[in-house]
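Since the structure comes first, as structure tokens, the remarks are kept for the end.
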Amino acid sequence: MVYGVIWEVASHHKLTLDRYEGLNAAYGETWLTVIDLAGEGQFEAQAYVGKITSMGMRPYTRYKAMC
6 MVYGVIWEVA SHHKLTLDRY EGLNAAYGET WLTVIDLAGE GQFEAQAYVG
56 KITSMGMRPY TRYKAMC
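Numbering-wise (this note's numbering), the sequence shown opens with residue 6 and increments by one.
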């Protein structure tokens, strides 16, 4: 189980976000089934997944502050 935040991104902003996040360099992309714990059901969402598999890899403080 992973807790997090999900945003809806307009399709015309997706390429900019991919470049900013380092898609295909630092991150890959995958689809996940997300379950809303507030009872709104489940849905599919795209997620960036880090390509670095080091055990020492930790989320940036700025990401943790969003939750």
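We treat Cβ as the ideally placed atom computed from N, Cα and C, and that holds for glycine.
Thinking just about the alpha-carbon of each residue, which of the options is nearest to the one in residue i?
i, options, result
"GLY33", "VAL54, ARG24, GLU26 and VAL14", "VAL54"
"VAL7", "ILE40, ASP23 and LYS19", "ILE40"
"THR35", "GLU45, GLN51 and GLY27", "GLN51"
Determine which residues share a DSSP beta bridge with residue i and list them.
i, result
"GLY33", "VAL54"
"THR21", "According to DSSP, THR21 bridges with nothing at all."
"VAL39", "PHE48"
What does the alpha-carbon distance come out to for the pair residue i and residue j?
i, j, result
"ALA5", "GLN47", "No information on residue 5 is available, as it lies outside the stretch 6 to 72 that the chain covers here."
"ALA15", "MET71", "20 Å"
"LYS19", "ASN29", "14 Å"
"LYS69", "GLY9", "9 Å"
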